[in-house]
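Chemist: Before anything else, here's the structure in question.
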DNA sequence: TTTT
DNA sequence: TTTT
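Protein chains in written order, with the UniProt record's numbering: chain A, 1 to 147; chain B, 1 to 147; chain C, 1 to 147; chain D, 1 to 147.
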């Protein structure tokens, strides 16, 4: 009964920090900037450009891809969900909102991503494969459906 | 290097048609309506309400869920991708655009969906599981309102 | 060069708080919950259900609509953007991430929203009107099911 | 009570065709390709790469921007809605599904778009302006809200 | 008909 | 802290 989805296109603020946890599970973090253009209202008021910084978190395969290919300045498409974590500092409870990514796309001209195609996701196979587990994909090809 | 995503909230036009293909792979089809309110332009012209019909296609587990729980009139959230198929009729090539769903959500009051939660997806586990890490989520549980 | 978009479907945690600022500009705030189902990993670990709370902010017309029709428990579709504000408490800088909504949809059975259709947006006319062309839409009306 | 949203990132297949209708209203059309990577299933079957072609339609200001800056090969982010039109050819009714865009973003390195920032939308001002009609934006700056 |  |  619920949907929690974030879609961002922006630029990476610094190289990812990657950690390896138990069982060698990788986690990566980096900031992503989205910038809204400034404009002038109909009443002549200047609204300045505004940059928003987003904390991106990636797990496992996506984190490993980020470690290899994401750099400060990279332009990315990110799809994920919002998650707020709490932590303590000096006895004060604080909250951080992060975007936990499921899909990461490299945009713009191929840099050195080494991917045939810029798409990566955290499903076991490619995103397309989310609809074709266990049985061969040829069986569920929509192209030969007789209707 | 690409994204193909559709997000719909609408009402089902008729009960799903479900077929079982080779290896018992299920496919379901049904029409989903989205309706844009009519309005009046600043120049006083009436733009009527407009209903758009979308061909929804679901595979495997999602198709089986649709068979059981989706009915004419159901309100659904659908996330998927656009796909255009071609077919011939009377020697004329024709095209049909469909939304192949990855995520289907039952909205509104719980009917008899039998799901604890109305969300279903075509990944092997739940959507959350796409990032599943074996570590407990309890430490950063946001179950208590942080504001 | 950037995109900052959030899409949520969830339930309102408490009645909106609405303030009127200078020039009678309305702002509304309320928490929205999204819940991810719990599941069991392939290695047998139980991942519990997880509720995420989102701070929704609405301005002007949307805030006034929220004041009238949004209640604790309402099921809503929200589309907006992420925005992080900073503020100080006890000399400590703190951050809050909010979703500033452009589109709010009432889901589920019609309560008493008083709208012909549950959609509301902050554009001057309806969302459809963003592309409003003064020509009639009747020629390409898709009101009859094309399949 | 409904949502009809499409989000695409892809490459333009040919230069836009632009027409000017009554009252000088511009309409632009072009094909946009999204490509899903091929992959191998767990049972060893090769699923080939698949390209999907989308018919993009833009009105007014967006059409004029497309006329100036969109070229064959351009990488774009498109946000819009699905719309199916019917037309007749040789006495046979046929249907075409199009994406009517509200938002168009130029991705990748700046070519010669001439925009300070690649974002364009069909609202009267910039997307940000959708939340600030009539009154100055300074009044509704979230930054000085005392809550 | 694009892109990798 | 990015990008334009």
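By construction, the Cβ of each residue, glycine as well, lies at the ideal position given by its N, Cα and C atoms.
1) For the segment 48 to 61 of chain C against the segment 38 to 54 of chain A, are there 3 or more C-beta pairs whose distance is under 8 angstroms?
2) Helix, strand or coil for residue 114 of chain B per DSSP?
3) Are the beta-carbon atoms of residue 25 of chain C and residue 72 of chain C separated by less than 7 angstroms?
4) Within a Cβ cutoff of 6 angstroms, which residues of the same chain sit near residue 111 of chain C, ignoring the five residues on either side of it in sequence?
5) Using a beta-carbon distance below 7 angstroms, is residue 3 of chain A in contact with chain B?
6) From residue 148 of chain C to residue 105 of chain B, what distance separates their C-alpha atoms?
7) Given this structure, state the Cα-to-Cα distance separating residue 103 of chain A from residue 80 of chain A, to the nearest angstrom.
8) Name the DSSP beta bridge partners of residue 4 of chain D, please?
9) Residue range of the alpha helix (DSSP H) that residue 38 of chain B falls in?
10) What is the residue span of the beta strand (DSSP E) that residue 68 of chain B lies within?
11) Please state whether DSSP places residue 29 of chain D in a helix, a strand or coil.
12) List, in chain order, every chain C residue whose beta-carbon is nearer than 8 angstroms to that of residue 105 of chain D.
13) Since residue 119 of chain D meets chain A, which of its residues come closer than 7 angstroms, beta carbon to beta carbon?
14) Going along chain B, which residues have a C-beta under 7 angstroms from residue 8 of chain D?
15) Could you please give the first and the last residue of the uninterrupted beta strand (DSSP E) stretch that includes residue 88 of chain A?
16) Note the first and the last residue of the continuous beta strand (DSSP E) segment covering residue 19 of chain D.
17) Go ahead and label residue 9 of chain C buried or exposed: buried means 16 or more other beta carbons lie within 10 angstroms of its beta carbon, across all protein chains shown.
18) Is it the case that the Cβ atoms of residue 4 of chain B and residue 34 of chain D are separated by a distance below 7 angstroms?
19) Can you tell me whether DSSP reads residue 56 of chain A as helix, strand or coil?
20) How far does the beta strand (DSSP E) with residue 94 of chain B in it reach, from first residue to last?
21) How is residue 125 of chain C classed by DSSP in three states: helix, strand or coil?
22) Ignore the nearest five residues each way along the sequence and tell me which others in residue 95 of chain A's own chain have a CB closer than 6 angstroms to its CB.
23) On the criterion of 16 or more Cβ atoms from any shown chain inside 10 Å, does residue 37 of chain C qualify as buried, or is it exposed?
24) Please tell me whether residue 88 of chain B and residue 18 of chain B are closer than 7 angstroms, where the distance is taken between their beta carbons.
25) List, in chain order, every chain C residue whose beta-carbon is nearer than 9 angstroms to that of residue 82 of chain A.
26) Excluding the 5 residues flanking residue 21 of chain A on each side, which residues of the same chain have their C-beta closer than 6 angstroms to its C-beta?
27) Whose C-alpha, out of C:23, C:7, C:108, is nearest the C-alpha of residue 74 of chain C?
28) Express the C-alpha separation of residue 57 of chain B and residue 31 of chain B in angstroms, rounding to a whole number.
29) Whole angstroms are fine: how far does the CA of residue 27 of chain A sit from the CA of residue 77 of chain A?
30) Using a Cβ-Cβ cutoff of less than 7 angstroms, which residues in the same chain neighbour residue 116 of chain B once the five nearest sequence positions on both sides are dropped?
31) Below 8 angstroms on the Cβ atoms is my contact criterion, and I expect residue 65 of chain C with residue 6 of chain C to pass it. Report the Cβ-Cβ distance as a whole number of Å.
32) Which residue or residues does DSSP assign as beta-bridge partners of residue 46 of chain A?
33) Anything in the segment 55 to 79 of chain D with a Cβ closer than 8 angstroms to a Cβ of chain A? List those residues in chain order, please.
34) Work out the CA separation of residue 59 of chain A and residue 29 of chain A for me, nearest whole Å.
Modeler: Walking through what the data contain:
1) no
2) For the purposes of this step, residue 114 of chain B is taken as residue 114 along the second chain, with counting starting at 1. Low local confidence applies: a pLDDT of 44 at residue 114 of chain B is under 50, so the model's placement there is unreliable, and no value is given.
3) By one-based count along the third chain, residue 25 of chain C stands at place 25. By one-based count along the third chain, residue 72 of chain C stands at place 72. Result no, Cβ atoms of residue 25 of chain C and residue 72 of chain C do not sit closer than 7 angstroms.
4) Within the third chain, the letter at position 111 stands for residue 111 of chain C. Reliability of the predicted coordinates at residue 111 of chain C is poor, the pLDDT of 45 falling under 50, and no value is obtained from them.
5) As a position in the first chain, residue 3 of chain A is number 3, starting the count at 1. Yes - at least one Cβ of chain B is within 7 angstroms of the one on residue 3 of chain A.
6) No answer is possible for residue 148 of chain C: the residues shown for chain C start at 1 and end at 147.
7) One-based indexing of the first chain puts residue 103 of chain A at position 103. One-based indexing of the first chain puts residue 80 of chain A at position 80. C-alpha separation (whole angstroms): 7 angstroms.
8) Along the fourth chain, one-based indexing puts residue 4 of chain D at 4. The partner list for residue 4 of chain D (beta bridge, DSSP) reads B:8.
9) In the second chain, the residue the question calls residue 38 of chain B occupies position 38. Residue 38 of chain B: not part of any alpha helix (DSSP H); DSSP gives it neither H nor E.
10) Along the second chain, read from residue 1 onward, the residue named residue 68 of chain B stands at position 68. Premise fails: residue 68 of chain B lies in the alpha helix (DSSP H), 60 to 69, not in any beta strand (DSSP E).
11) Residue mapping note: residue 29 of chain D aligns to position 29 of the fourth chain, counting from 1. The answer is strand: DSSP assigns residue 29 of chain D an E or B state.
12) On the fourth chain, position 105 is the one that residue 105 of chain D refers to. Within 8 angstroms Cβ-Cβ: 1, 2, 3.
13) Here the question's residue 119 of chain D lines up with position 119 in the fourth chain. 37, listed in chain order.
14) Translated into the one-based positions of the fourth chain, residue 8 of chain D becomes position 8. Within chain B, the residues near residue 8 of chain D are 3, 4.
15) Translated into positions along the first chain, residue 88 of chain A becomes position 88. Here the beta strand (DSSP E) through residue 88 of chain A covers 75 to 89.
16) Numbered from its first residue, the fourth chain carries residue 19 of chain D at position 19. Note, residue 19 of chain D: beta strand (DSSP E), 17 to 20.
17) As a first step, residue 9 of chain C is located in the third chain; it is residue number 9 there, counting from the start. Buried, by the Cβ-count rule.
18) For the purposes of this step, residue 4 of chain B is identified with residue 4 of the second chain, where counting begins at 1. For the purposes of this step, residue 34 of chain D is identified with residue 34 of the fourth chain, where counting begins at 1. Their beta carbons are under 7 angstroms apart, which means residue 4 of chain B touches residue 34 of chain D by this criterion.
19) Residue 56 of chain A sits at position 56 when you count from the first residue of the first chain. It is a strand residue.
20) If you number the second chain from 1, residue 94 of chain B lands on position 94. For residue 94 of chain B, the enclosing beta strand (DSSP E) stretches over residues 92 to 106.
21) Sequence index remark: in the third chain, residue 125 of chain C carries index 125 (1-based). Annotation note: pLDDT 39 at residue 125 of chain C (below 50); position unreliable, coordinate value reported separately. If DSSP states are grouped into helix, strand and coil, residue 125 of chain C belongs with coil.
22) Residue 95 of chain A sits at position 95 when you count from the first residue of the first chain. Correct list, in chain order: 84, 86.
23) Residue numbering aside, residue 37 of chain C sits at position 37 when the third chain is read from its first letter. Answer is buried; the Cβ neighbour count reaches 16.
24) Taking the first residue of the second chain as 1, we reach residue 88 of chain B at position 88. Taking the first residue of the second chain as 1, we reach residue 18 of chain B at position 18. Taking 7 angstroms as the Cβ cut-off, residue 88 of chain B and residue 18 of chain B do not qualify as a contacting pair.
25) If you number the first chain from 1, residue 82 of chain A lands on position 82. Residues of chain C passing the Cβ test: 6, 8, 34, 52, 54, 82, 97, 99.
26) What you label residue 21 of chain A is simply residue 21 of the first chain in a count that begins at 1. So the list is empty, once near-sequence residues are dropped.
27) Along the third chain, read from residue 1 onward, the residue named residue 74 of chain C stands at position 74. Checked all of C:23, C:7, C:108; the closest Cα to residue 74 of chain C is C:108.
28) In the second chain, the residue the question calls residue 31 of chain B occupies position 31. In the second chain, the residue the question calls residue 57 of chain B occupies position 57. Answer to the nearest angstrom: the Cα atoms are 9 angstroms apart.
29) Numbered from 1 along the first chain, position 77 holds the residue referred to as residue 77 of chain A. Numbered from 1 along the first chain, position 27 holds the residue referred to as residue 27 of chain A. One C-alpha to the other measures close to 18 angstroms.
30) What you label residue 116 of chain B is simply residue 116 of the second chain in a count that begins at 1. At residue 116 of chain B, the pLDDT of 44 sits below 50, so the modelled position is not reliable; the number obtained from the coordinates is stated separately. There are no such residues.
31) Counting from 1 along the third chain, the entry for residue 65 of chain C is found at position 65. Counting from 1 along the third chain, the entry for residue 6 of chain C is found at position 6. At roughly 19 angstroms, the Cβ-Cβ gap does not stay under 8 angstroms, so residue 65 of chain C and residue 6 of chain C are not in contact.
32) In the first chain, counting from the first residue as 1, residue 46 of chain A sits at position 46. Note: residue 46 of chain A sits in a beta bridge opposite A:40.
33) 75, 77
34) What you label residue 29 of chain A is simply residue 29 of the first chain in a count that begins at 1. What you label residue 59 of chain A is simply residue 59 of the first chain in a count that begins at 1. About 9 angstroms.
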